[in-house]
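Enquirer:
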Amino acid sequence: MPNGVKNYSSSVTVRWPNYVASFLLLTFQSKDQADDDSETGKVIYTLEPRTGRDTHSPFSEVSGLDHCLSDCTGSDSTLQLIKSWEETCAKHHDCGLSNRTGWLPTRLLDVRQDRLRLVNPENLDARYTTLSHCWGRAWFLKLKERNMNALSHGFPIAFLPKTFQDAISVTRTLGIDFIWIDSLCIIQDSKDDWEKEASHMGQVYESSYCNLAATDACNATEGLFFKRNIGLLETFDVQTSWRIEAPGFRDSGLYTLCPEGLVRLGDHRYMTTTSPLNDRGWVLQEQLLAPRNVSFGKKQVTWFCRECEACEAFPRGVPIESWREMEMGGSLFKGIFYHKVKQAIHGKAPDTDEGDAGRHTLYNSWVMIVREYTRRNLTFGSDKLAALNGITNLMAQKMHCKNHAGILYRKDDTFTILQLLWLPIEPTHRPEEYRAPSWSWASVEGAIEFARLYKSESVMSTIEYMKVQTEAGNTSGQVIGGTLCITGPLASGTVFSKTHLPLVDRWDNDQGDGLLGRAGSTETDTDRFYDIIRQAFFLVMWRTRGTTWRTFWGLCLRRRQDGKFERLGRFIALDSTTTLLQKHAVIQTIEIV
């Protein structure tokens, strides 16, 4: 209880085993409480069940993880804790390092001596760290064609911004001799070098030993480390008089009381987009592909590997296998997202004869990746495909597909059809500069959602082929053109009216029947849809059906002067409207660009 506070009230969030949040109010009183009005303070706490934490965590039986909190995240005790996590992981975990191929980036920064050197590690057996950071607007040293020779001969660490200096300090603490930093290992004024290195960006992080994340630094000058109030990290165990009854959960009555913001089950700043670093699109594949991550936040340092998560408040970690998929307020917990997707990315690819079960899991992970990625920002919109290219290619390989402008394509594949039924969360716009064909989610700005799988469904269109064009030698994922050839039921209609209600957009066909009317909706990609087009075409691609209802899903298109089509949005036709579509639609083969 704080000094001088006689009546101390705390609001406590209880996370039950099924992860439905409830609230309790705890009142703490001093023994000498007076009857008169006294100062009252409030602190919000989260009450976490201790069941399983001490017995199943990969770090639970390891000595040397007792941590003395200090007022700075860069203290000797914190750095030693990071080293203990790393040593424990290297000794007890299989974080995919047994599958390393020995691949190394084109350039690395050698940090073994006082003077740093840019080196070509071609003949080295080198482990290296990587750095995820926000560039910001402040000037700092970057690799250019004119200074490459000088950087190769050596330069003092003082030439670098504080974030880089701190990352090098951590790298040395871990006993690693090399670090990869994008601005120092890619020639910043060479388009050819950028395209070459961007095509390997995913492999850079996947082959690294550990990624260091400057999570709360807005620019390269702020550094990894922060001063903090250690009172916000202190936890204590409590024994409750109640017991919770829930399937598969044995409540021992032992709980840990944590200050607000210190929720350990994934709800931390590392994977939340409220921190400066995690608003960046490029960073997502850096986080997901690296075998180990150390996140430096304002409140504490957090460790992630493929088998465990730990932080300064809970240095012995949280077992991944005890986590469950949970929905709270309609959004998936970021920590759950992180580990479920990582397991899909780094797990064994399903065999082609296993059916769609394994690929279904991969598809759901891919949908989660694109959803998260499109909510983040890019300094250059032209990087939309390149910044996710490493993960996209890896997921395409696991699903036995090809990467075509961010769509995982395989002929006669249900999952390819589903990917084409993406939708912007809000009407947005297409960039002036060409980025991707209109059928790709990368062709528009903003956050994307995908169609969900239903229990009873049928594919109603067939993809004849999908192809993209790239500049010669550019394997970064960027495209300069693309065509989708597809056969399916196609109906034409004319815009009748537009209202602000999403289910009353009227589309009349040539025979005068209301094609969608109140029984369906059009969900357009761009906010200027009604200014651009007065006539549209509807390609039926997917049908979901129950005992008393059915729904058609498809693409809303416009026909260009050359006879090819462009995507305008997605439509949903409900119940009786599907009969009208079947009545007027004609099976056609068209090209969408």
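Numbering (this note's numbering), first residue to last: 1074 to 1666.
All residues carry an ideal CB built from backbone N, CA and C; glycine is no exception.
Within this structure, are the beta carbons of Ala1240 and Ser1368 separated by less than 8 Å?
Expert: The count along the sequence shown starts at 1 and reaches residue 1240 at position 167. The count along the sequence shown starts at 1 and reaches residue 1368 at position 295. Not in contact: Ala1240 and Ser1368 (Cβ atoms no closer than 8 Å).
Enquirer: In the DSSP assignment, what are the bridge partners of Gly1566?
Expert: Sequence index remark: in the sequence shown, residue 1566 carries index 493 (1-based). Paired residue(s): Ala1609.
Enquirer: Helix, strand or coil for Gln1416? Go by DSSP, reduced to three states.
Expert: For this step, residue 1416 is matched to residue 343 along the sequence shown. Helix.
Enquirer: Taking the alpha carbon of Ala1564 as the reference point, which residue from Leu1154, Met1614, Gly1555, Thr1535 has its own alpha carbon closest?
Expert: Numbered from 1 along the sequence shown, position 491 holds the residue referred to as residue 1564. Checked all of Leu1154, Met1614, Gly1555, Thr1535; the closest Cα to Ala1564 is Met1614.
Enquirer: What residue from Asp1250, Lys1156, Met1221 has the CA that sits closest to Leu1197's CA?
Expert: Within the sequence shown, numbered from 1, the residue matching residue 1197 stands at position 124. The shortest C-alpha separation from Leu1197 is found at Asp1250.
Enquirer: In whole angstroms, what separates the C-alpha of Ser1143 from that of Glu1159?
Expert: Reading the sequence shown from its first residue, position 70 is the one you call residue 1143. Reading the sequence shown from its first residue, position 86 is the one you call residue 1159. Approximately 20 Å between the Cα atoms of the pair.
Enquirer: Is the separation between the beta-carbon of Gly1370 and that of Ala1293 shorter than 8 Å?
Expert: Sequence index remark: in the sequence shown, residue 1370 carries index 297 (1-based). Sequence index remark: in the sequence shown, residue 1293 carries index 220 (1-based). Their beta carbons are not under 8 Å apart, which means Gly1370 does not touch Ala1293 by this criterion.
Enquirer: If I follow the unbroken alpha helix (DSSP H) through Met1240, where does it start and stop?
Expert: Here residue 1240 corresponds to residue number 167 of the sequence shown, with the count starting at 1. Looking at the sequence provided, one finds Ala at residue 1240 rather than Met. Looking at the DSSP string, the run of the alpha helix (DSSP H) that includes Ala1240 is 1235–1246.
Enquirer: What's the gap between the Cα of Cys1145 and the Cα of Arg1301?
Expert: Within the sequence shown, residue 1145 is the residue found at index 72, counting from 1. Within the sequence shown, residue 1301 is the residue found at index 228, counting from 1. Straight-line Cα distance between these residues: approximately 6 Å.
Enquirer: Does DSSP put Leu1654 in a helix, in a strand, or in coil?
Expert: Indexing the sequence shown from 1 puts residue 1654 at position 581. Helix, per DSSP.
Enquirer: Can you grab the Cα-Cα spacing for the pair Arg1245 / Gln1358, in whole Å?
Expert: Mapped onto the sequence shown, residue 1245 falls at position 172. Mapped onto the sequence shown, residue 1358 falls at position 285. Taking the straight line from one Cα to the other gives about 24 Å.
Enquirer: Note down, in chain order, each residue of its chain lying with its Cβ closer than 7 Å to the Cβ of Thr1434, except the 5 sequence neighbours on either side.
Expert: Taking the sequence shown and counting its residues from 1, the one referred to as residue 1434 is at position 361. Once the five neighbours on either side are set aside, the close Cβ partners of Thr1434 are Ala1417.
Enquirer: Quick one: using the 10 Å Cβ neighbour count with 16 as the cut-off for buried, is Val1659 buried or exposed?
Expert: By one-based count along the sequence shown, residue 1659 stands at place 586. By the 10 Å Cβ count, Val1659 comes out exposed.
Enquirer: Once the 5 residues before and after Cys1141 are set aside, which same chain residues still bring their CB inside 6 Å of it?
Expert: Walking along the sequence shown from the start, residue 1141 turns up at place 68. So the list reads Ser1150, once near-sequence residues are dropped.
Enquirer: Would you call Asp1183 buried or exposed, if buried means 16 or more other Cβ atoms sit within 10 Å of its Cβ?
Expert: Here residue 1183 corresponds to residue number 110 of the sequence shown, with the count starting at 1. Label assigned to Asp1183: buried.
Enquirer: Thinking C-alpha only, which one of Leu1654, Pro1229, Lys1235 is nearest Phe1610?
Expert: On the sequence shown, position 537 is the one that residue 1610 refers to. Of the candidates Leu1654, Pro1229, Lys1235, the one whose C-alpha sits nearest the C-alpha of Phe1610 is Leu1654.
Enquirer: Can you tell me which of the three DSSP states Gln1542 falls into?
Expert: Within the sequence shown, the letter at position 469 stands for residue 1542. Strand at Gln1542.
Enquirer: I'd like to know whether the C-beta atoms of Met1539 and Gly1561 end up nearer to each other than 8 Å.
Expert: In the sequence shown, counting from the first residue as 1, residue 1539 sits at position 466. In the sequence shown, counting from the first residue as 1, residue 1561 sits at position 488. No.
Enquirer: At what residues does the alpha helix (DSSP H) containing Phe1299 begin and finish?
Expert: By one-based count along the sequence shown, residue 1299 stands at place 226. Taken as a continuous stretch (DSSP letters only), Phe1299 belongs to no alpha helix (DSSP H), as it is neither H nor E.
Enquirer: Ser1531: buried (16+ other C-beta within 10 angstroms of its C-beta) or exposed?
Expert: Your numbering for residue 1531 matches position 458 in the sequence shown. Ser1531 should be labelled exposed.
Enquirer: Got a sec, what are the start and stop residues for the beta strand (DSSP E) Gln1312 sits in?
Expert: As a working note, residue 1312 is residue 239 in the sequence shown. Its beta strand (DSSP E) spans residues 1309–1312.
Enquirer: Tell me, to the nearest whole angstrom, how far the beta carbon of Arg1508 is from that of Gly1454; I am working on the premise that it is less than 8 Å.
Expert: Translated into positions along the sequence shown, residue 1508 becomes position 435. Translated into positions along the sequence shown, residue 1454 becomes position 381. Yes, Arg1508 and Gly1454 are in contact; Cβ-Cβ is about 7 Å, under 8 Å.
Enquirer: With burial defined as no fewer than 16 other Cβ atoms inside 10 Å of the residue's Cβ, what is the status of Gln1661: buried or exposed?
Expert: Numbered from 1 along the sequence shown, position 588 holds the residue referred to as residue 1661. Exposed is the call here.
Enquirer: Measure the alpha-carbon distance for Gly1420 versus Ser1280 and round it to whole angstroms.
Expert: In the sequence shown, the residue the question calls residue 1420 occupies position 347. In the sequence shown, the residue the question calls residue 1280 occupies position 207. Straight-line Cα distance between these residues: approximately 16 Å.
Enquirer: Which of helix, strand or coil does DSSP assign to Val1367?
Expert: Counting from 1 along the sequence shown, the entry for residue 1367 is found at position 294. In this structure, Val1367 counts as strand in the three-state DSSP scheme.
Enquirer: Quick check on His1433: does DSSP put it in helix, strand or coil?
Expert: In the sequence shown, residue 1433 corresponds to position 360, counting from 1. Residue state, collapsed to three classes: helix.
Enquirer: Hey, out of Gly1627, Lys1217, Ala1386, whose CA is closest to Leu1496's CA?
Expert: Here residue 1496 refers to the residue found at position 423 when the sequence shown is read from its first residue. Selected option, being the one with the closest Cα: Gly1627.
Enquirer: Pull up the distance between the alpha-carbon of Leu1557 and that of Thr1543, whole angstroms please.
Expert: Numbered from 1 along the sequence shown, position 484 holds the residue referred to as residue 1557. Numbered from 1 along the sequence shown, position 470 holds the residue referred to as residue 1543. Using only the alpha carbons, I get a separation of about 15 Å.
Enquirer: If you draw a straight line from the C-alpha of Gly1550 to the C-alpha of Leu1330, how long is it?
Expert: Your numbering for residue 1550 matches position 477 in the sequence shown. Your numbering for residue 1330 matches position 257 in the sequence shown. Taking the straight line from one Cα to the other gives about 47 Å.
Enquirer: Over what stretch of residues does the alpha helix (DSSP H) that includes Glu1160 continue unbroken?
Expert: The count along the sequence shown starts at 1 and reaches residue 1160 at position 87. First-last of the alpha helix (DSSP H) with Glu1160: 1149–1165.
Enquirer: For Cys1378, which residues in the same chain have their Cβ closer than 7 Å to its Cβ, ignoring the five residues on either side in sequence?
Expert: Mapped onto the sequence shown, residue 1378 falls at position 305. Cys1162, His1166, Cys1168, Pro1364, Arg1365, listed in sequence order.
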